[in-house]
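S.K.:
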Amino acid sequence: MDGILDMDGILDVHDLHVWNLSLGLPVLTAHVHIGAEADAEVVLRALERYVRGQLGITHSTIQICNYVAPAAGAAEGEGAIVGV
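Sequential numbering from 1 applies to the sequence shown in the UniProt record's numbering.
1) Let's test the definition: count the other Cβ atoms within 10 Å of the Cβ of Val51 and tell me whether it reaches 16, buried, or not, exposed.
2) If Ile10 and Val43 are in contact, beta carbons under 8 Å, what's the gap, nearest whole angstrom?
3) On the criterion of 16 or more Cβ atoms from any shown chain inside 10 Å, does Ala36 qualify as buried, or is it exposed?
4) Is the beta carbon of Ser60 less than 8 Å from the beta carbon of Glu48?
5) Taking DSSP's pairing of strands, which residues face Leu28 in a bridge?
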């Protein structure tokens, strides 16, 4: 997971699961949190290339979520994560 977290725009990864669907067919699923300045499509394509090229996994489902900063005056910890 360190390689994924080192990618530009990625803040966090959770619900990361990797398993073999059948012999020789590894599958990956994950929720990936990106920063507000990151382009979700660019991050997703880079992540798919990484998973395929570095991990050898050709079947993946990746959900990209954006971090939304809390409104002015909101209490600490009130930011939200929303799906893209």
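No residue lacks a Cβ here, since even glycine has one placed at the ideal position from N, Cα and C.
M.R.: According to the data block:
1) Position 51 of the sequence shown holds residue 51. When all chains shown are included, Val51 counts as buried.
2) In the sequence shown, residue 10 corresponds to position 10, counting from 1. In the sequence shown, residue 43 corresponds to position 43, counting from 1. Between Ile10 and Val43 a beta carbon distance of about 6 Å is seen, short of the 8 Å cut, so the two are scored as contacting.
3) Walking along the sequence shown from the start, residue 36 turns up at place 36. In summary, Ala36 is exposed, with fewer than 16 beta-carbon neighbours lying within 10 Å of its beta-carbon over all protein chains present.
4) Indexing the sequence shown from 1 puts residue 60 at position 60. Indexing the sequence shown from 1 puts residue 48 at position 48. Yes, the pair counts as a contact, with Cβ atoms nearer than the cut-off.
5) The count along the sequence shown starts at 1 and reaches residue 28 at position 28. Looking at the DSSP assignment, Leu28 forms a beta bridge with Val18 and Ser60.
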